[in-house]
Structures are given as structure tokens and as C-alpha cells.
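Scroll down for the structure; my scribbles are underneath it.
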Amino acid sequence: MDFHALGEDLLQQHVLSHVSFVTMARLQCTCTLMRNIGRRIARQPYVRTHMLKGYTSEPPAETSLLTVGELTHVLGRAQVSTAEVEREAGSDENLRCALGDCLERARGELGADDAPSGRGSSLRGALRDVAQARALLARLAMPARPDICLVFASKAMAGVAEVLATLLPTSCVVFGAVSNRGVIGSHGACVSEVDSDAQPLIAATLIHLAGTRIYPFFEPRTDPHTRARVPCADVTDAVARARERAARGAPAESATLLVLADGADGLMRGAGLIEQLHGKGIPALGGLVERDPAGTLLLRAPHRAELRAGLRRGDGSIGLLLEGCHVAVPAVTRGATPISPHEWDVVEAESSSRAVCPGHNASQHVVKTLAGPRQPDCEGNGGSAPRRTTPLQALHELAAQHGGSLPSPLYLALRPNSTDARRRLVHPVQVLHHTGALAVESEVGVGELCGFASVNAQGSSDELALCARAARGRLTGAGPTLCVSFVCCGRGVGFHQAADKETLPLRSEFPDATCVGFFAAGELGPRPFGEAGSDREDEPALMGFTAVHALLRFNAQ
1 MDFHALGEDL LQQHVLSHVS FVTMARLQCT CTLMRNIGRR IARQPYVRTH MLKGYTSEPP
61 AETSLLTVGE LTHVLGRAQV STAEVEREAG SDENLRCALG DCLERARGEL GADDAPSGRG
121 SSLRGALRDV AQARALLARL AMPARPDICL VFASKAMAGV AEVLATLLPT SCVVFGAVSN
181 RGVIGSHGAC VSEVDSDAQP LIAATLIHLA GTRIYPFFEP RTDPHTRARV PCADVTDAVA
241 RARERAARGA PAESATLLVL ADGADGLMRG AGLIEQLHGK GIPALGGLVE RDPAGTLLLR
301 APHRAELRAG LRRGDGSIGL LLEGCHVAVP AVTRGATPIS PHEWDVVEAE SSSRAVCPGH
361 NASQHVVKTL AGPRQPDCEG NGGSAPRRTT PLQALHELAA QHGGSLPSPL YLALRPNSTD
421 ARRRLVHPVQ VLHHTGALAV ESEVGVGELC GFASVNAQGS SDELALCARA ARGRLTGAGP
481 TLCVSFVCCG RGVGFHQAAD KETLPLRSEF PDATCVGFFA AGELGPRPFG EAGSDREDEP
541 ALMGFTAVHA LLRFNAQ
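At position 226 of the sequence shown (counting the first as 1) the number is 226 in the UniProt record's numbering, and the numbers step up by one without a gap.
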């Protein structure tokens, strides 16, 4: 219980309800002690995570926590009125609001003021959402009022997420998404990484902060040719402070940006803010969810007037900028493994740009000619020059070495002409059969060394373990640790051939950490640990088949 938030009268009533005989002096002393405990709790950050799987039938009686009276009476009726909801809710204001929302939703689905006798199952499902939301909130057991609720739900549990938002304190920022690709959650030995919507699942994390400032925003999708602006003055000020600290050479105050978007075009609306964060030591991490007419993004920010009403949003991107008393370390893996025994030299490549509509250009990058594979005597005197070939011929030779087929996904692995440089992966877009050239997603430089690579589950786990060990030295402080995960929907059980393996290296290195996240249709973050990226470590990129994890440690002031 949040003793610090209780008024004097309520606190005394709480004490009297647990003590049969007490003098006024003892009562005041006990209240003072409890209030001091409450203040101490309020100064300490906490992270609480719990998951809940959806009911396949009616909720059992012991988990039906919404009953103030006999709510089974309401469940069994074919018609429910507003008066009956108020009578069943009694004096529980939160329950009355939640039931009222459910009743309004049922009316909208049924097209009538009261549910007809043949269509009572809609309201029954809504009440089941309330039961599950209250069960989830009871398991989270808040020691103090939460500042943030991160919630990720499968499509079948979207109603539970909506009800959960109504049951939380009005000052709590709700941030998350509804994903039909799967949800990730773990606390202690309890782990659920469900990479499909077949098993309904909701994972929620309550965060109480000590000195960390919160800046939520929502950018709706508009004309893709217009540059997105920084959404609000608070975010603008936070970016300005980061720029000023960087100019002074002062130690950067920890800041992190979490971004969710309903598709890559929705992410464009947050691009203006993300670009301003480059080089400021503020990592931007996130994922894409598939668009849904009902809205896939969950955001409620009570201290922002335009974000106070409603929860489900779509057609754009949402963000949560944290600034203050926390430490953030990205941990990104793909598990890229070379599949070609040798490399080629890129001897001919070109890039071109053409206008597809006013203000919008499309770029095309093509690798035309390779030289190699290199022979052992090429560098010696009198050695023969490496033969020239096309990327298509190189792919045919590689397929013959792998039994006639190529692994999927396939990447072009490029690195500078030096032995110690890390590879950067470029995704092939199309083979131009009439020339044998290969169109790729980004520019390729002449003189680079080129090979082919695919992904490997064991390589990805090993890479993430290295990330975790490197992060341990950077996660300073003794506060609670949270891992927010955005994992490609092509991974999961099919990739690892076992369940609950995506976050295992992180959970092994940080056994006290909790995890929450979802399986995404695209991941935003810095380049994977074993791959070369840009010159700026914090520059984010939209990638595929990656697992992007944000390790956050919240410390006291």
C-alpha cells in the first residue's frame, strides 16, 4: 500500500482497522512511522513485471476478482442495464468505471442500449477482460504509485490492456502495443516468449521512478514528404539539454527513447526526433507492429492534454523519452555467420537516384562485378590476377557448395580491405538476371571485400551473451533492471528450435532483471554487436531478423 499517498484520516483508519486497542499517542506514533516508511518507499525505484495467459473459457471463481457483490449474477443475465452495473460495483469507483466502459463497448457491438437475450456473450467477454485485468494488477502488487506501465498484448488480450489502463492511477503513463505476432515477458523463473497469437498473452511492467523525467508523444501519419517535427516542447528541451552537455564535454545524463510505430511509413513521423538525437548519447530503440483498423499502439499520458483521453492509437508512431536517474545500454544481435569459404573484391558498383513523385526520390544500389575468389598466390610475384565474375555466378557457385539451395535469409557481408574490420550486412533486393548484377538495399563501395552470410541461432545466442557481459560493466548503480525487447517475428521457436531462448543470455547474466516486449515486424536500434555500423554508436537503423533489447537500470536520486 502507498502509505505516503494516504491522507491523515485514511491512514488512521487503516491503522485502527488492524489494531484492536491503541492510545492516541501510539496511533500518532504508528502513523508517523508508516508515513516515513511510505516516503522511503516512494524514493526507491521499482520494476514489477507479470504475465497473464488468456482464458479459453469462463474465468475460474478464485481469479474472478471483479466481484464486489455477486457479479456472477450479472454474468448469467442476458440483459444488463447501467443501474445493474452500478449496483453490482457498489462503492468501488474503479470497478464502476471499468464495467461502464465494458457496457458501452458491448452496446456499440450490439447496436442496442441493453444486450438482447441472444447476444449476451459480447458483454460476458468484456467482463472476462475486467476479471483478467484485475487479476494481473493484483499480481503486480504495487508498493507505491507507478509512473509508467509498459504493456504488450496479443490481439485477443487487447481488451484486457484497455481495462488495465482504467484500473491504474490516473497519473500513470501507459505505453505499449497490441501485437498479433507474439509477446515476450519474464520475471524470475517465469518466462513466456509466445511468438504467435494462438496463445493469448499479456505482459505488463509497472515502473516507479526516482528523479527520471518522462516525455511521451504521438505523431500521426500525414504526408510522407513532409519532415516530422519534434512533437512537443518538453522533448525539444530535453534534446537541447543533451546537445548542450555534449558541447561542454560534460558527462551525459542518461536518456533513452523508446519508439513504436504501425509500419515503416508510420515510423517516418518520428524520424525528425530520432535524427536530432544522433550523436547525443541518447539511444533510440523500438519496433514496428502491423497496422490494425482498431489501432495497435497503446498510449495514455495524463499530464499531456492531447494524450489524456483514449488509449488505442494508430496511423503513426508513439515514443517515450526517459531522462534522468537511469542507465541504458542497447543489446542487439542478429547472429550473422559467413557461409562462403572465401571473399571477392568489389570491382564495379554504382548507385543512382530517380524521382518517383514530387519531393520523393528512390535510390538504387547495384553490385555489378566481383573479382575472385582470391587464390593463395595472387599476392606473390608472378601470381595470376583473380578472375572476374558477376554476383549471379558467385551465387550459383555458392548454391552448388550447399547442395543446390541457399540459406535464408541471405546477406551480402561487406568489410574494408583489412583483416581486423567488422563486417556490415547488406540485404539483397533483387538479382538482375539480364546482367548478372545484384541490387542491394544500401550503397556498396568499390574496393570492399564481399562475402555471403546468413543467420545462425547459436551464433545469435553467443553474440547476445557477449552483449550482456559488455553491458554489465556499463550498468552502474544498484537499482532494479528492466529489459525491453523488440524481436523479429521470424525468430522465436522456429529459429532456436526451442521455446524461451530469445532472452536467455540476458536472463543468465542478469538473473534479477525482468523482461517485457513483443515480436515485431521490424526493429529499430544500433547495429548488432558483431556487425559494423556507422561512425556514431547511437545512430539507429531499421533492421530485420534482429533482436533489439534495451537494458535499463533505474537508480535512486
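For glycine and all other residues, C-beta sits at the position ideal for the given N, C-alpha and C. Keep in mind that this is a model prediction, so the values were computed, not measured.
Check: What do you get for Glu350, buried or exposed, if any count of 16 or more other CB atoms within 10 angstroms of its CB means buried?
Finding: Start at 1 with the first residue of the sequence shown, and residue 350 comes out as number 350. Taking a 10 Å sphere around the C-beta of Glu350, we find fewer than 16 other C-beta atoms and assign the residue as exposed.
Item checked: Cβ-Cβ distance between Leu201 and Gly54 below 8 Å -> Counted from its first residue, the sequence shown places residue 201 at position 201. Counted from its first residue, the sequence shown places residue 54 at position 54. In this structure, Gly54 lies closer than 8 Å to Leu201 by Cβ.
Checklist line | Given Leu127 as reference, the closest of Ala141, Leu150, Met157 and Ala138 once Cα atoms are compared | finding: Numbered from its first residue, the sequence shown carries residue 127 at position 127. Nearest of Ala141, Leu150, Met157 and Ala138 to Leu127, Cα basis: Met157.
Next item on the list: Starting from Lys53, follow its DSSP beta bridges and name the residues at the other end.
Entry: The residue labelled residue 53 in the question sits at position 53 within the sequence shown. In DSSP, Lys53 forms a bridge with Leu201.
Notebook entry, point to check: CA-CA distance, Val163 and Ala198?
Noted result: For the purposes of this step, residue 163 is taken as the residue at position 163 of the sequence shown. For the purposes of this step, residue 198 is taken as the residue at position 198 of the sequence shown. A direct Cα-to-Cα measurement between Val163 and Ala198 gives close to 22 Å.
Next item on the list: Identify whether Met543 lies in helix, strand or coil by the three-state DSSP scheme.
Entry: On the sequence shown, position 543 is the one that residue 543 refers to. Under the three-state reduction of DSSP output, Met543 falls in the strand class.
Margin query: Output needed for Thr390: all residues of its chain with C-beta closer than 6 Å, excluding positions within five of it in sequence on either side, in chain order.
Written below: Position 390 of the sequence shown, counted from the start, is the residue given in the question as residue 390. These residues qualify, in order along the chain: Gly436.
Item checked: Beta carbon of Leu392 nearer than 8 Å to that of Leu406 -> For this step, residue 392 is matched to residue 392 along the sequence shown. For this step, residue 406 is matched to residue 406 along the sequence shown. No, the pair does not count as a contact, with Cβ atoms beyond the cut-off.
Check: Among Ala478, Phe518 and Arg145, which one has its Cα closest to the Cα of Cys325?
Finding: Taking the first residue of the sequence shown as 1, we reach residue 325 at position 325. It is Ala478 whose Cα lies nearest to the Cα of Cys325.
Checklist line | DSSP-derived helix/strand/coil call for Asp315 | finding: Counting from 1 along the sequence shown, the entry for residue 315 is found at position 315. Looking at Asp315 - three-state DSSP - the assignment turns out to be coil, as it is neither helix nor strand.
Next item on the list: From the DSSP output, in three-state form, read off Pro146 for me.
Entry: As a working mapping, residue 146 is identified with position 146 in the sequence shown. Note: Pro146 maps to coil in three-state DSSP.
Notebook entry, point to check: Does the Cβ of Gly403 have 16 or more other Cβ atoms within 10 Å, making it buried, or fewer, making it exposed?
Noted result: Here the question's residue 403 lines up with position 403 in the sequence shown. Gly403 is exposed by the Cβ-count criterion.
Check: Taking the Cβ atom as the reference point for each residue, do Glu343 and Gly372 lie within a distance shorter than 8 Å?
Finding: Walking along the sequence shown from the start, residue 343 turns up at place 343. Walking along the sequence shown from the start, residue 372 turns up at place 372. Closer than 8 Å, so yes.
Notebook entry, point to check: If you draw a straight line from the alpha carbon of Ala210 to that of Ala556, how long is it in whole angstroms?
Noted result: For the purposes of this step, residue 210 is taken as the residue at position 210 of the sequence shown. For the purposes of this step, residue 556 is taken as the residue at position 556 of the sequence shown. Straight across, the Cα-Cα distance linking Ala210 with Ala556 is about 5 Å.
Next item on the list: Find the nearest neighbour of residue 581 within the set Gly494, Arg48, Gly295 and Ala284, judged by alpha-carbon distance.
Entry: Nothing can be reported for residue 581: it is not among the residues displayed for the chain, which extend from 1 to 557.
Next item on the list: Put Asp237 into one of helix, strand or coil per three-state DSSP.
Entry: The residue labelled residue 237 in the question sits at position 237 within the sequence shown. Helix.
Notebook entry, point to check: Thinking C-beta only, is Phe519 closer than 8 Å to Gly185?
Noted result: If you number the sequence shown from 1, residue 185 lands on position 185. If you number the sequence shown from 1, residue 519 lands on position 519. Contact: no.
Checklist line | Cβ neighbours of Ala141 in the same chain (closer than 8 Å, five flanking residues each side left out) | finding: Counting from one through the sequence shown, the residue named residue 141 turns up at place 141. If we look at Ala141 and ignore the five residues flanking it on each side, its Cβ neighbours are Arg48.
Checklist line | Cβ contact check for the segment 186-195 and the segment 310-319: 3 or more pairs under 8 Å | finding: When C-beta atoms of the segment 186-195 are compared with those of the segment 310-319, fewer than three pairs fall below 8 Å, so the two segments do not count as touching.
Notebook entry, point to check: Nearest to His427 by CA position, among Arg304, Ala550, Leu542 and Ala465, is which residue?
Noted result: For the purposes of this step, residue 427 is taken as residue 427 along the sequence shown, with counting starting at 1. Among Arg304, Ala550, Leu542 and Ala465, the Cα nearest to that of His427 is on Leu542.
Next item on the list: Out of Leu464, Val151 and Pro143, point me to the one whose CA is closest to Gly530's CA.
Entry: As a working mapping, residue 530 is identified with position 530 in the sequence shown. Of Leu464, Val151 and Pro143, the residue nearest in Cα terms is Leu464.
Note to self: Please classify Asp512 as buried or exposed, where buried requires at least 16 other C-beta atoms within 10 Å of its C-beta.
What the structure shows: Numbered from its first residue, the sequence shown carries residue 512 at position 512. Residue environment analysis places Asp512 among the exposed positions, since fewer than 16 neighbouring C-beta atoms fall within 10 angstroms of its C-beta.
Margin query: Quick check on DSSP: helix, strand or coil for Lys501?
Written below: Counted from its first residue, the sequence shown places residue 501 at position 501. In the three-state reduction of the DSSP assignment, Lys501 falls in the coil class, being assigned neither a helical nor a strand state.
Margin query: Classify Cys450: buried if its beta carbon has 16 or more other beta carbons within 10 angstroms, exposed otherwise.
Written below: Mapped onto the sequence shown, residue 450 falls at position 450. Its Cβ being crowded by 16 or more others within 10 Å, Cys450 is buried.
Check: Taking DSSP as the reference, what is the three-state secondary structure of Glu448?
Finding: What you label residue 448 is simply residue 448 of the sequence shown in a count that begins at 1. Correct three-state label for Glu448: coil.
Margin query: Rounded to the nearest angstrom, what separates Ala238 and Phe152 at their Cα positions?
Written below: The count along the sequence shown starts at 1 and reaches residue 238 at position 238. The count along the sequence shown starts at 1 and reaches residue 152 at position 152. Ala238 and Phe152: Cα-Cα distance of roughly 27 Å.
Item checked: Coarse secondary structure for Thr170, derived from DSSP in three states -> For the purposes of this step, residue 170 is taken as residue 170 along the sequence shown, with counting starting at 1. Taken through DSSP and simplified to helix, strand or coil, Thr170 comes out as coil.
Check: Below 8 Å between beta carbons: does that hold for Arg334 and Val455?
Finding: On the sequence shown, position 334 is the one that residue 334 refers to. On the sequence shown, position 455 is the one that residue 455 refers to. By the CB criterion at 8 Å, Arg334 and Val455 fall inside the cutoff.
Check: For residue 640, is the classification buried or exposed, using 16 other Cβ atoms within 10 angstroms of its Cβ as the cut-off for buried?
Finding: With the chain covering 1 to 557 only, the question about residue 640 has no answer from this structure.
Item checked: Alpha-carbon to alpha-carbon, Val178 and Leu297 -> Position 297 of the sequence shown holds residue 297. Position 178 of the sequence shown holds residue 178. Going by the C-alpha atoms only, they are around 6 Å apart.
Notebook entry, point to check: Which one of Gly490, Ala261, His208 and Arg291 has the shortest CA to CA distance from Ser196?
Noted result: In the sequence shown, counting from the first residue as 1, residue 196 sits at position 196. Out of Gly490, Ala261, His208 and Arg291, Gly490 has the C-alpha closest to the C-alpha of Ser196.
Notebook entry, point to check: Which two residues bound the contiguous beta strand (DSSP E) that contains Phe519?
Noted result: Residue numbering aside, residue 519 sits at position 519 when the sequence shown is read from its first letter. Phe519 -> beta strand (DSSP E) spans Thr514 to Ala520.
Notebook entry, point to check: If Phe510 and Ala468 are in contact, beta carbons under 8 Å, what's the gap, nearest whole angstrom?
Noted result: Translated into the one-based positions of the sequence shown, residue 510 becomes position 510. Translated into the one-based positions of the sequence shown, residue 468 becomes position 468. Sure, about 7 Å apart at Cβ, within 8 Å.
Item checked: Of the residues Ala471, Lys368 and Ser460, the one placed nearest Val431, counting alpha carbons only -> For the purposes of this step, residue 431 is identified with residue 431 of the sequence shown, where counting begins at 1. Cα-wise, what sits closest to Val431 is Lys368.
Next item on the list: Go to Gly494, then tell me how far its alpha helix (DSSP H) extends in each direction, as first and last residue.
Entry: By 1-based counting over the sequence shown, the position of residue 494 is 494. Per DSSP, Gly494 belongs to the alpha helix (DSSP H) from Val493 to His496.
Item checked: Per DSSP, cross-strand counterpart(s) of Thr481 -> In the sequence shown, residue 481 corresponds to position 481, counting from 1. Bridge partners of Thr481 according to DSSP: Arg553.
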